[in-house]
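Here the structure comes first, spelled out in structure tokens, and everything after it is commentary.
In the numbering used here, the protein residues as written are 9 to 260.
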């Protein structure tokens, strides 16, 4: 087993005895040649949301900004405070894919170390649960100039406004202006299809994905193979389909 990084969590006992876990992690990182990250979040520090914020501080101090992504696009976003508890992210991602919007990292639902480490190259941050990780969004805005907003994936109205705000901020930070028109078309098509703001139909995904295809490379501007963007299939992997609830696993 060779993980990309190791996280060492301060517990009540080690916090009370005064163990210097920062020094321990520094020595371990030198010994093993990989990031060993201290998380100072002992149980007695406070409630769950404070624990989330303390964990977020560790991510800010030791993870974000330490890795460069293989490539970037004008459509890169981070989703912060999203835990994908019942697979809601898998329902929403096809809508983002249809617009060519790439989720560079999700903190922390389905998050991967290298994706989170490269999160500083996103153009926009979406804040889902502000009570738990608002400090990531505010400090990334201060450090990297990444604008953020608070959005929701629940309900047709909130989902529509979330898509509009993502598009508006992406255009504001350099994405092509037609993204907002394509977003309105996607929202209208989703509503008229009778499926609400769930996974778009095959035909709708084809129409919405076409403007962002790069015919010379055979890839979308998000870097995903063009055939995937046009197939109309859910991006759920076989592994995720096994984990997802039945109403989500069947959307392919």
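Just so it is clear, CB atoms sit at the ideal spot from N, CA and C, and this is done for glycine as well.
Nonlocal neighbours in the same chain, by C-beta distance under 8 angstroms from residue i, ignoring five residues either side
i, result
"residue 180", "155"
"residue 185", "179"
"residue 70", "43, 45 and 46"
Supposed contact pair residue j and residue i - C-beta distance, whole angstroms, cut 8 angstroms
i, j, result
"residue 138", "residue 60", "With 8 angstroms as the limit, residue 138 and residue 60 do not qualify as a contact, their Cβ atoms being about 11 angstroms apart."
"residue 122", "residue 75", "5 angstroms"
"residue 107", "residue 85", "Wrong, their Cβ atoms sit about 11 angstroms apart, outside the cutoff."
"residue 82", "residue 183", "4 angstroms"
Cβ neighbours of residue i in the same chain (closer than 6 angstroms, five flanking residues each side left out)
i, result
"residue 88", "115, 133, 135, 141, 144 and 145"
"residue 14", "44"
"residue 51", "20"
"residue 275", "The question about residue 275 has no answer, for the chain in this structure spans 9 to 260."
"residue 118", "92"
"residue 129", "77 and 80"
"residue 175", "187, 188 and 191"
"residue 96", "161"
One or two residues paired with residue i in a DSSP bridge
i, result
"residue 110", "84"
"residue 142", "DSSP output for residue 142 lists no bridge partner at all."
"residue 17", "47"
"residue 90", "116"
"residue 135", "88 and 158"
Length of the line joining the Cα atoms of residue i and residue j
i, j, result
"residue 208", "residue 67", "With a pLDDT of 43 at residue 208, under the threshold of 50, the modelled position of this residue cannot be trusted; read the value that follows with caution. Spanning the two alpha carbons is a distance of roughly 34 angstroms."
"residue 347", "residue 41", "Given a span of 9 to 260 for the chain in the structure shown, any question on residue 347 remains unanswerable."
"residue 65", "residue 124", "13 angstroms"
"residue 158", "residue 73", "22 angstroms"
"residue 104", "residue 33", "38 angstroms"
"residue 22", "residue 166", "43 angstroms"
"residue 147", "residue 199", "36 angstroms"
"residue 188", "residue 149", "23 angstroms"
"residue 12", "residue 127", "16 angstroms"
"residue 25", "residue 39", "25 angstroms"
"residue 173", "residue 193", "15 angstroms"
"residue 10", "residue 120", "14 angstroms"
"residue 109", "residue 201", "22 angstroms"
"residue 131", "residue 94", "27 angstroms"
7 angstroms CB neighbourhood of residue i in its chain, flanking five on each side removed
i, result
"residue 49", "17, 18, 59, 62 and 63"
"residue 195", "168 and 171"
"residue 163", "none"
"residue 37", "43 and 44"
"residue 57", "139 and 140"
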